[in-house]
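Single-structure report; data block below.
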Amino acid sequence: PQKCVSLMKYGHSRISEGSGLNGTYASHILLRPGTHAVKLPNQLSSRVCAPANCALATVVNALDMARLPRYGANKSAVVQGVGLLGIYAVAWLRNVFCLDTDAERLKTAKRFGGIPLLVTGDDEDVLERSRTIREMYPRGVDVAVEMTGAKHVIHEGVQLLRNGGHYSFTGMVHPDSQLSSLTGETIIRKCLTIRGVHNYTPWNLEEAVKFLDEFQEELPLESVLSPTSYRLSQINEAFQQAHTGSYCRVVVDCQNI
248 PQKCVSLMKY
258 GHSRISEGSG
268 LNGTYASHIL
278 LRPGTHAVKL
288 PNQLSSRVCA
298 PANCALATVV
308 NALDMARLPR
318 YGANKSAVVQ
328 GVGLLGIYAV
338 AWLRNVFCLD
348 TDAERLKTAK
358 RFGGIPLLVT
368 GDDEDVLERS
378 RTIREMYPRG
388 VDVAVEMTGA
398 KHVIHEGVQL
408 LRNGGHYSFT
418 GMVHPDSQLS
428 SLTGETIIRK
438 CLTIRGVHNY
448 TPWNLEEAVK
458 FLDEFQEELP
468 LESVLSPTSY
478 RLSQINEAFQ
488 QAHTGSYCRV
498 VVDCQNI
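For the sequence shown, the residue numbers in this note's numbering are 248 to 504.
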């Protein structure tokens, strides 16, 4: 559905293409016929639910159980990159390894159930991570999730997967993502499944909201958001705050002009 030939993305489409008013940084949004809307539970704040509309729903799509390996428990995984999508992936999978170059992000991921491993960039560091993970899973993990956007992580991800494992590509949505380090031979001999994931379906969004509702007491959902909700008239300040990288998401309250 997210690749429908007549798709119109709110906040993405150009007015010059005939889509009309479709922006989202506004006090009101003009909904098109056929738009799938999900009603939020009364006990969930709009702050917490806003990232479900992109980040969490994409994670739900990437980790759709119907797409994961048919054989094995699917209880072991490595999440590469713990920006917001990676943190949500950790929360969805629970008790999985997570890799990142940012120690502060790893601290947040740990609060969501991750086993943090800091990436420093040298070869010995790669070997040490492999030893740590294979102490728990000698044959390799069932699932690897790429959410860094960096092509150089693919080699490590493939090495950490067991035979018959599943690799989900989510972060590398840009041209500089050639997979020169990955050969067809490796994919074939390890019987790997590689799935690219872009955006999400309406039912992925429904599952995302259900997840937030179910685990709102267990997970520190507010910790990935800016403590301040900026007014719509303060949107330039919100962008400046976002550029600092202090929070996974900076909140703009579009009803508060």
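Virtual Cβ for every residue (Gly too), placed ideally from N, Cα, C.
| task | Check whether the Cβ atoms of Leu472 and Asp500 lie closer than 9 Å to each other. | result | For the purposes of this step, residue 472 is identified with residue 225 of the sequence shown, where counting begins at 1. For the purposes of this step, residue 500 is identified with residue 253 of the sequence shown, where counting begins at 1. Not closer than 9 Å, so no.
| request: Please list, in chain order, all residues of the same chain as Arg376 whose beta carbon is under 6 Å from its beta carbon, the five residues on each side excluded. | output: Within the sequence shown, residue 376 is the residue found at index 129, counting from 1. Result list for Arg376: Leu364, in chain order.
| Which one of Val420, Asn446, Ile401 has the shortest CA to CA distance from Leu426? | Residue mapping note: residue 426 aligns to position 179 of the sequence shown, counting from 1. Considering only alpha carbons, the answer is Ile401.
| request: Return helix, strand or coil for Leu479, following the three-state DSSP convention. | output: The count along the sequence shown starts at 1 and reaches residue 479 at position 232. Leu479: helix per DSSP, three-state reduction.
| query | Between the C-alpha atoms of Thr417 and Gly396, what's the straight-line distance to the nearest angstrom? | reply | For the purposes of this step, residue 417 is taken as the residue at position 170 of the sequence shown. For the purposes of this step, residue 396 is taken as the residue at position 149 of the sequence shown. The alpha-carbon atoms of Thr417 and Gly396 are separated by roughly 8 Å.
| task | Find the nearest neighbour of Tyr447 within the set Gly270, Pro298, Arg358, judged by alpha-carbon distance. | result | What you label residue 447 is simply residue 200 of the sequence shown in a count that begins at 1. Tyr447 has its Cα closest to that of Pro298, out of Gly270, Pro298, Arg358.
| query | Whose C-beta lies closer than 8 Å to the C-beta of Thr273 among residues of the same chain, with five residues either side of it excluded? | reply | Here the question's residue 273 lines up with position 26 in the sequence shown. In the sequence under discussion, the amino acid at residue 273 is Ala, which differs from the Thr named in the question. Excluding sequence neighbours, Ala273 sits near Leu479, Cys501.
| request: Pull up the DSSP beta-bridge partners for Ala507, would you. | output: With the chain running from 248 to 504 in the structure shown, residue 507 is simply not present.
| Same chain, Cβ closer than 6 Å to Gly333, neighbours up to 5 away in sequence not counted | Numbered from 1 along the sequence shown, position 86 holds the residue referred to as residue 333. Here Gly333 has Val326, Met394 as same chain residues with Cβ atoms under 6 Å from its own Cβ, once five neighbours each way along the sequence are excluded.
| message | Closest to Ser293 by C-alpha separation, out of Leu468, Gly431, Glu432, Lys354, would be which residue? | response | Walking along the sequence shown from the start, residue 293 turns up at place 46. Looking at the Cα atoms, Leu468 is the closest of the given residues.
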